[in-house]
Amino acid sequence: MKKLNLGAVFAVFLLTAAACGSDDEANTGGDNASTGGSDENNSEEVSGSILVAGSSAMEPLVAAASEVFMEENLEASISVQAGGSGQGLSSIASGQVEIGNSDVFAEEKDDIDASNLIDHRIAVVGMGPAAHPEVGVDDLSTEEMIDIFTGEVTNWSEIGGADQDIVLVNRPDSSGTRDTFVKYGLEGNEPSSDAITEDSSSTVRQIISETPGAIGYLAFSYYDDQGSVLPLSVDGVEQTDENVMSGDFPIWAYMHSYTNGEPEGLTKAFIDFLFSETVQDGVIPEMGYIPETGMQVERDAEGNETAK
8 MKKLNLGAVF
18 AVFLLTAAAC
28 GSDDEANTGG
38 DNASTGGSDE
48 NNSEEVSGSI
58 LVAGSSAMEP
68 LVAAASEVFM
78 EENLEASISV
88 QAGGSGQGLS
98 SIASGQVEIG
108 NSDVFAEEKD
118 DIDASNLIDH
128 RIAVVGMGPA
138 AHPEVGVDDL
148 STEEMIDIFT
158 GEVTNWSEIG
168 GADQDIVLVN
178 RPDSSGTRDT
188 FVKYGLEGNE
198 PSSDAITEDS
208 SSTVRQIISE
218 TPGAIGYLAF
228 SYYDDQGSVL
238 PLSVDGVEQT
248 DENVMSGDFP
258 IWAYMHSYTN
268 GEPEGLTKAF
278 IDFLFSETVQ
288 DGVIPEMGYI
298 PETGMQVERD
308 AEGNETAK
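Here the sequence shown stands for residues 8 to 315, where the numbers follow the working numbering.
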């Protein structure tokens, strides 16, 4: 799990731009999914400004990609904001933003009219339980994880860890990370309300790292090399990209960038850039995400998983 090295990403961009053509990357979404394409040899710069908002799990990736894009398009301005998948979906559906980011399918949200939304599925991210480094355990069974997050287990010593009260750190109902963790990690069991609730994954990570006994859940992209939080294995399966790609680790989500209808102008140029080799082969793995082309399994909006 790596944090962005902008120098490395820019180096990848320069090498890719010099060496590659305009091979298209297929986007394997549903009926309203687009096929992303890029033309990295097109020297015509685009201009204008767009607003991108939504999933905090996606924010580091899209923000990093926007920086590379704006470096090559000096008259373009792309503002990337977090706030949760629910906000991203409601904002794109109502036309408040040009791109709405979500780590859940729009069809999963009953209050969202997804009929005109186009799904640009740019990547995959793993998610999992993350704890303070001194809790005394490094692996949880699914049953233990459910018991912890529902409040049935309240001290780490109850599962062989330190004699330390458990502090739950949760995300709000609007969070796509929460939806994914509840659905695929907690088997649909809702977390206890006796918890700290934070909108931002960055804040969740900070609280876990600074609070003895704390546990929450994070996208892999929020883990750092300094070990500020401890990613816990689940049923003996480590939180690695390889285990997500093989389907062995079940807690993962697609990174959806939704547009309201087919994108045009700067919005289309940026969406195309997200599917370019610069992003798919450079920014995405550098930031700790997974190119969808690397997945050996796939899911639909109902959560049905099949081999690719």
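Yeah, the Cβ is synthetic: ideal placement off N, Cα and C, and Gly gets one too.
Determine the contact status of residue 139 and residue 221, defining contact as a CB-CB distance below 8 angstroms. The answer is yes: Cβ separation under 8 angstroms.
Alpha carbon to alpha carbon, how far is residue 191 from residue 129? Between the alpha carbons of residue 191 and residue 129 lies a gap of roughly 21 angstroms.
For residue 312, report the span of its beta strand (DSSP E) as first-last. Note, residue 312: beta strand (DSSP E), 312 to 314.
Cutting at 6 angstroms between CB atoms, please list the residues of its own chain near residue 98, excluding the five before and the five after it. Contacts found: 60, 104 and 107.
When you compare only the Cα positions, how much space is there between residue 153 and residue 273? Spanning the two alpha carbons is a distance of roughly 44 angstroms.
Going by CA-CA distance only, name the one from 288, 115 and 296 that's closest to residue 262. Nearest of 288, 115 and 296 to residue 262, Cα basis: 296.
Should residue 62 go down as buried or exposed, given a rule of 16 or more other Cβ atoms within 10 Å for buried? Per the 10 Å Cβ criterion, buried.
Using the DSSP secondary-structure output, state which residues sit across from residue 88 in a beta bridge. Note: residue 88 sits in a beta bridge opposite 60.
Can you tell me where the beta strand (DSSP E) with residue 104 in it begins and where it stops? Residue 104 -> no beta strand (DSSP E), and no H or E assigned at all.
Rounded separation between residue 52 and residue 298 - CA only: When rounded, the distance between both Cα atoms is 26 angstroms.
Can you name, in chain order, every residue of its own chain whose Cβ lies under 6 angstroms from the Cβ of residue 21, other than the five neighbours on each side? Annotation note: pLDDT 44 at residue 21 (below 50); position unreliable, coordinate value reported separately. Taken in chain order, the list of residues that qualify is empty.
Locate the alpha helix (DSSP H) running through residue 214, then write down its first and last residues. 208 to 217 is the span of the alpha helix (DSSP H), which, as asked, contains residue 214.
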